[in-house]
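Residue numbers (my numbering), protein chains in the order written: chain A, 1 to 387; chain B, 388 to 576.
Using N, Cα and C, we set each Cβ at its ideal position, and we do this for glycine too.
Just so it is clear, the structure is predicted and the values come from calculations on it, not from any experiment.
Heads up: the structure comes next, in structure tokens.
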Amino acid sequence: MRFMIRLNLMKKINEILNQLIINSSLIGGIYLLLSKLPLIRNIPLDSKLFLYFYSALLSLKLIWVAFRLRLNTEKIKKYFVDKLMLLEESVNWMAQKIKILLETRWIAWGLIPIVIFLFGLALSALNLLSLDESFTVLSNRNPKIILLDFNEEGLAGGKKIVIETESGENNLGIVSLRFNTFDWVNTDSLIFRIREKGSLGVYYQAVYPTEQLEDGALFPFGFLPIADSGGKTYLIELESVSGELENPISLSKINPNIVLKYKFDKKELLASKTLFLQFVVKKISSQQFNFFTYFLLLIYFLPLFLYLYIIRQRNSLSRELLRSLFSLSVLVYLSLQLLVQIFNLLSRVYFQEIVSKNYFLKSINVILYLAVGLYLASDFYEKKSEF
Amino acid sequence: MKIKSNLYVVLFTLFFYLLIVNSVEYLTTEKFLLIKTIPFLFKTYFLIGLLLIASVFLSVKKDYLRIPSTMILIVLFLLSVIGNDLYTRYSDYLRRVPKIFRLNKEWGVQGNVVEIEGKNFGPVWQPGEVKVDDLQFEIKSWSEERIETVQPVPNRFWKGNLYVINNYGQKSNSFEYEIYDPAKLNEKN
Chain A
1 MRFMIRLNLM KKINEILNQL IINSSLIGGI YLLLSKLPLI RNIPLDSKLF
51 LYFYSALLSL KLIWVAFRLR LNTEKIKKYF VDKLMLLEES VNWMAQKIKI
101 LLETRWIAWG LIPIVIFLFG LALSALNLLS LDESFTVLSN RNPKIILLDF
151 NEEGLAGGKK IVIETESGEN NLGIVSLRFN TFDWVNTDSL IFRIREKGSL
201 GVYYQAVYPT EQLEDGALFP FGFLPIADSG GKTYLIELES VSGELENPIS
251 LSKINPNIVL KYKFDKKELL ASKTLFLQFV VKKISSQQFN FFTYFLLLIY
301 FLPLFLYLYI IRQRNSLSRE LLRSLFSLSV LVYLSLQLLV QIFNLLSRVY
351 FQEIVSKNYF LKSINVILYL AVGLYLASDF YEKKSEF
Chain B
388 MKIKSNLYVV LFTLFFYLLI VNSVEYLTTE KFLLIKTIPF LFKTYFLIGL
438 LLIASVFLSV KKDYLRIPST MILIVLFLLS VIGNDLYTRY SDYLRRVPKI
488 FRLNKEWGVQ GNVVEIEGKN FGPVWQPGEV KVDDLQFEIK SWSEERIETV
538 QPVPNRFWKG NLYVINNYGQ KSNSFEYEIY DPAKLNEKN
């Protein structure tokens, strides 16, 4: 009797644990789905904590399984084979549905390519537009500057750097500067001032501890956007408060070392279609296109090319062909990652930042997703032919 | 399908969670000004608790659970998401409005420093104004959650409402504050 009660209790706990894992997976899936949709805000959830909780649940389940099977290898093997069979059943069901879809000509050659093309276009545009901190920020990465007062030996002990620059647009709100901090422990503070040329008054000034600056990275000095800054010349001053002459910081030689950012009002942009279109054109053209960027734009259309290739070859499609495409994708992905590292090194040698680096790093993930997709497709290809 | 009952319970849990969390957040941080924010951490613990209750419920009452149609599941999902989205947009607006939580004194004479604690006052480089009715106070220091002001010399003495206006012209809630006559300080003590 006592044994039966114990067995029932164990069953109940196992059932609750199973339900908790399924429910947490569903909540996690919904959270992921919502966080990837740009139009819908995230549900209020600390994703990191939830992930810890989920990992703890899975670990508990594994311990439970191990305890139940008492490390009997034959039983363990059977347990996991049963689970895999269940997974395979659902994958086969999905493969059958996809096969029916692909047999319809207008879906295979019309609807799906258009959807993949639009998806590529949308991702490409979104990534180009989201290169800056915010959509409403327009960057000028190559402003005309004159160094009026410049210390070769760097900023320390009350020394000053004065930069003259012209604002090309209204709403100048951020001046980003790139520094060399030489990774010294620095207790100095830096005074940032901006004022219009010819004007006696300072528009904005603030003190920043130098330990906030990161070596080789752009540091944003923000202020209330100047509504009528277009066409005006500004003087940007950086003054060391009390740094020691032995460990100064200096402006980096990596270009661009000064970026002017204009903060536009979202409501104003959305109110006028002409203004919005002008803004989008300016935003895209401000990204400094080069051969490298054009090449990257193609990456988001790779799924389309691959789909068209596979659908064309579907009669002679084999597991080997899919595996070759998978190997090719992995090779391309790894080569591009290597290229990024080489460019990182070159940027230090030639003092030129890769302007499309962020875009590049985001976009090459598409190749990784393709590789995973191709691997899964090749794995289930033989089963597909059974239907 | 077996998973449908889980999906139903999860969507119901999500709906219930968002309803409770958003209502509690609104009431405590915006309406009654009890706390400044509810940390995400507590919200997640609450969701985990709800998931645990839902899982126990499913494992005990699964056979009696009437699974609704797919349409009801979709409606429940949309209600949760759209409701949360609308609230987030509204609370984004509320987060820009300054709010006073407490003052260090209820009355003062000229030259007294009044410390105001609250939230959404704006950054140091975007100071606004502090007023008692139409009498403007002098700003001594300004930060996102704390303002120090100095009471100016008034031309009359009265009990009015102290409020903050941020750099964008948004007005906060008000606290009763008395501009006191220094000649009557003995009476006050």
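Item: Buried or exposed by the 16-neighbour rule on C-beta atoms within 10 Å, applied to Gly436 of chain B; Value: exposed
Item: 8 Å Cβ cutoff met for Ser285 of chain A and Ala156 of chain A; Value: no
Item: Test: Leu434 of chain B CB closer than 8 Å to a CB of chain A; Value: yes
Item: Short CB-CB distance (under 8 Å) between Gln212 of chain A and chain D; Value: Of the chains in the structure shown, none is chain D; the protein chains are A and B.
Item: Nearest candidate by alpha-carbon position, reference Glu504 of chain B, set B:Phe402, B:Ser530, B:Gly498 and B:Leu406; Value: B:Ser530
Item: Members of the region 419-432 of chain B near chain A, C-beta cut-off 7 Å; Value: Phe427, Leu428, Lys430 and Thr431
Item: Chain B within 8 Å of Lys266 of chain A, Cβ atoms only; Value: no
Item: 7 Å Cβ cut-off: residues of chain A touching Ser607 of chain B; Value: Beyond the ends of chain B as shown, which are 388 and 576, falls residue 607 of chain B; an answer cannot be given.
Item: Delimiting residues of the beta strand (DSSP E) encompassing Ala206 of chain A; Value: Tyr204 to Pro209
Item: Residue environment, Leu32 of chain A, which counts as buried when at least 16 other CB atoms sit within 10 Å; Value: exposed
Item: Identity of the residues DSSP links to Glu237 of chain A by a beta bridge; Value: A:Val162 and A:Arg193
Item: Simplified DSSP state of Val355 of chain A, which is helix, strand or coil; Value: Annotation note: pLDDT 48 at Val355 of chain A (below 50); position unreliable, coordinate value reported separately. Coil, per DSSP.
Item: C-alpha distance - Ile422 of chain B paired with Arg482 of chain B, whole-angstrom precision; Value: 13 Å
Item: Short Cβ contact (8 Å threshold) for Ile552 of chain B with Glu516 of chain B; Value: yes
Item: Contiguous alpha helix (DSSP H) assignments of at least 4 residues, all confined to the region 96-139 of chain A; Value: 112-129
Item: Residue(s) in a DSSP beta bridge with Leu269 of chain A; Value: BP columns for Leu269 of chain A are empty, so no partner.
Item: Within-8 Å CB hit, Val355 of chain A to chain B; Value: Any reading at Val355 of chain A needs caution, since the residue's pLDDT is 48, under 50, leaving its predicted position unreliable; the model's value is listed next. By this cut-off, Val355 of chain A is not an interface position.
Item: Cβ-Cβ separation, Lys197 of chain A to Leu235 of chain A (assumed contact under 8 Å), whole Å; Value: 6 Å
Item: Residue closest to Ile226 of chain A, alpha-carbon to alpha-carbon, out of A:Ser189, A:Glu169 and A:Phe182; Value: A:Glu169
Item: Residues of the region 43-65 of chain A whose Cβ lies closer than 7 Å to any Cβ of chain B, in chain order; Value: Ile43, Pro44, Leu45, Asp46, Leu49, Phe50 and Phe53
Item: Span of the alpha helix (DSSP H), counted from its first residue to its last, around Ile254 of chain A; Value: Here Ile254 of chain A belongs to no alpha helix (DSSP H), and DSSP marks it neither H nor E.
Item: Neighbour-count burial assignment, Ser59 of chain A, 16 or more Cβ in a 10 Å radius; Value: exposed
Item: Ile174 of chain A, enclosing beta strand (DSSP E) - first and last residue; Value: Leu172 to Asn180
Item: Opening and closing residue of the beta strand (DSSP E) in which Tyr54 of chain A lies; Value: Not the beta strand (DSSP E): Tyr54 of chain A falls in the alpha helix (DSSP H), residues Ser47 to Leu69.
Item: CB contact below 8 Å: Asn548 of chain B versus chain A; Value: no
Item: Distance CB(Asn560 of chain B)-CB(Ile487 of chain B) smaller than 8 Å; Value: yes
Item: Residue-level contact to chain A via CB, Gln513 of chain B, 8 Å cutoff; Value: yes
Item: Any chain B beta carbon closer than 8 Å to Lys261 of chain A; Value: no
Item: Pairwise C-alpha distance: Ala371 of chain A and Leu414 of chain B; Value: 49 Å
Item: Chain-ordered neighbours of Lys83 of chain A on chain B, where CB pairs are closer than 8 Å; Value: Near Lys83 of chain A there are no residues of chain B at all, since even the closest Cβ is about 15 Å away, more than 8 Å.
Item: 8 Å Cβ shell around Val332 of chain A - same chain, five flanking residues per side excluded; Value: Ile367
Item: Residues of the region 390-412 of chain B with Cβ closer than 9 Å to any Cβ of chain A, in chain order; Value: Ile390, Asn393, Leu394, Val396, Val397, Leu398, Thr400, Leu401, Tyr404, Leu405, Val408, Asn409 and Glu412
Item: Bridge partners - Ile258 of chain A, DSSP secondary structure assignment; Value: A:Leu177
Item: Alpha-carbon to alpha-carbon, Glu417 of chain B and Leu213 of chain A; Value: 36 Å
Item: Distance, Leu270 of chain A Cα to Gln96 of chain A Cα; Value: 45 Å
Item: Chain A residues whose Cβ lies nearer than 7 Å to that of Asn553 of chain B; Value: Chain A residues near Asn553 of chain B: none, gap ~12 Å exceeds 7 Å.
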